[in-house]
Amino acid sequence: MSELQKRLLPEADDEEQEFYYDSQRQPRHSCWSLSIWQAAGILLSLLLTNLITASFFVVKFDRQSVESDAAAPAGYGKLDPFVKLDTQYRPIHWNTEYSRNNRSESDPLWDAILPSHGFVAMDRTAIKAQGWPESMYLPSDEGKGVYLLEAYHHIHCLRILRKTFWEAVDGKPFTFHPNAHIDHCFDTLRQSVMCYADATPLYTFGDFTAGDGQLHKCKNWDQLHDFATKNTACYVDGSDDDLLKDHFGVCDDGNDYLKIGTGLSRD
12 MSELQKRLLP EADDEEQEFY YDSQRQPRHS CWSLSIWQAA GILLSLLLTN
62 LITASFFVVK FDRQSVESDA AAPAGYGKLD PFVKLDTQYR PIHWNTEYSR
112 NNRSESDPLW DAILPSHGFV AMDRTAIKAQ GWPESMYLPS DEGKGVYLLE
162 AYHHIHCLRI LRKTFWEAVD GKPFTFHPNA HIDHCFDTLR QSVMCYADAT
212 PLYTFGDFTA GDGQLHKCKN WDQLHDFATK NTACYVDGSD DDLLKDHFGV
262 CDDGNDYLKI GTGLSRD
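For the sequence shown, our numbering assigns the number 12 to the initial residue and increments by one for each residue that follows.
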């Protein structure tokens, strides 16, 4: 018994160790003592077993793939047929340009964001085949349905909550008066956090910078942006007093003015 084997084996009495090493020794008789037909039978049995096992796993894998696609319930809008968002591993920072202490620098970044870029107009026949739910017609084209991509909806809510918070801190009149819309934004973000359930294990040293710069599994935002640009509903935000049809017909310049952001030290 080698020194390495002694270290890897759990402690046992001499009889148990002897049994283990006896079981590892090669049999004393030669394999050549088998007849040719016996050897051929064993090889054939092994070959058939491997083939059957491989076929089982291939069929099982294919069946699981089909069942996974078929499992999406009615009303779940599949985006894959129109655009595939690549997975990216990207750091998420404790502070970026969007969270500077100097709000004269961060406020313009938030104010420039266009959540309305996320309104898309899609061919009604094509999206129906992919399980998209019914939605309003595009005023200029009843063959297209209007949808707001969820990520842009979240950005819309974040802008409202941030602006309302700082207006309250600064004692300024509210741009968005606290009401059911504000409550909705808090709740939809809560539900979405629980829905996506990001389980990235954040490192922490108790200094209020848990997970700073740590990699997360993300979707490619640029691909989502480009999809929205290509299928724009030409929707623009405006006053709540505006008629719904007046929000349409004005296309942005193809930019949502969102940046991923660069990690910064807190200034």
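Glycine included, C-beta positions come from ideal geometry on N, C-alpha and C.
Computed from a predicted model, the values in this text were never measured in an experiment.
Margin query: For a quick check, are the C-beta atoms of F259 and Y268 less than 8 Å apart?
Written below: Stepping through the sequence shown from its first residue, residue 259 is reached at position 248. Stepping through the sequence shown from its first residue, residue 268 is reached at position 257. Result no, Cβ atoms of F259 and Y268 do not sit closer than 8 Å.
Item checked: C-beta contact flag for S250 and N106 at 8 Å -> Counted from its first residue, the sequence shown places residue 250 at position 239. Counted from its first residue, the sequence shown places residue 106 at position 95. Cβ distance not < 8 Å, so S250 and N106 don't count as in contact.
Next item on the list: Apply the 10 Å Cβ neighbour rule to C168 and answer buried if 16 or more other Cβ atoms are within range, or exposed otherwise.
Entry: Here residue 168 is taken as the residue at index 157 of the sequence shown, counted from 1. Buried, because 16 or more other Cβ atoms sit within 10 Å of the Cβ of C168.
Check: Taking all protein chains shown into account, do 16 or more other C-beta atoms lie within 10 angstroms of the C-beta of K155, making it buried, or fewer, making it exposed?
Finding: Residue 155 sits at position 144 when you count from the first residue of the sequence shown. The residue in question, K155, is buried, as its Cβ has 16 or more Cβ neighbours within 10 Å.
Note to self: Taking contact to mean 3 or more Cβ pairs, one atom from each stretch, closer than 8 Å, check whether the region 116-125 and the region 217-236 are in contact.
What the structure shows: no
Notebook entry, point to check: Between the region 220-227 and the region 84-91, do at least 3 Cβ pairs fall closer than 8 Å?
Noted result: no
Notebook entry, point to check: Which residues mark the beginning and the end of the beta strand (DSSP E) in which F130 is found?
Noted result: What you label residue 130 is simply residue 119 of the sequence shown in a count that begins at 1. Here the beta strand (DSSP E) through F130 covers F130 to D134.
Item checked: Buried or exposed by the 16-neighbour rule on C-beta atoms within 10 Å, applied to G86 -> Locating residue 86 in the sequence shown gives position 75, where the first residue counts as 1. G86 is exposed by the Cβ-count criterion.
Margin query: In the DSSP assignment, the beta strand (DSSP E) including V180 goes from what residue to what residue?
Written below: In the sequence shown, the residue the question calls residue 180 occupies position 169. Counting along the chain, V180 falls outside any beta strand (DSSP E), though it belongs to the alpha helix (DSSP H) covering E161 to D181.
Check: With C-beta atoms as the reference, is T199 less than 8 Å away from F185?
Finding: The residue you call residue 199 lines up with position 188 of the sequence shown. The residue you call residue 185 lines up with position 174 of the sequence shown. Not in contact: T199 and F185 (Cβ atoms no closer than 8 Å).
Notebook entry, point to check: Distance, Cα to Cα, F130 vs P150?
Noted result: Start at 1 with the first residue of the sequence shown, and residue 130 comes out as number 119. Start at 1 with the first residue of the sequence shown, and residue 150 comes out as number 139. Straight-line Cα distance between these residues: approximately 13 Å.
Margin query: If distances are taken between C-alpha atoms only, which option among T273, T136, I171 and W177 comes closest to Y148?
Written below: Here residue 148 corresponds to residue number 137 of the sequence shown, with the count starting at 1. The shortest C-alpha separation from Y148 is found at T136.
Check: What span of residues does the alpha helix (DSSP H) with C196 cover, start to end?
Finding: Start at 1 with the first residue of the sequence shown, and residue 196 comes out as number 185. Counting along the chain, the alpha helix (DSSP H) containing C196 begins and ends at A191 to Y207.
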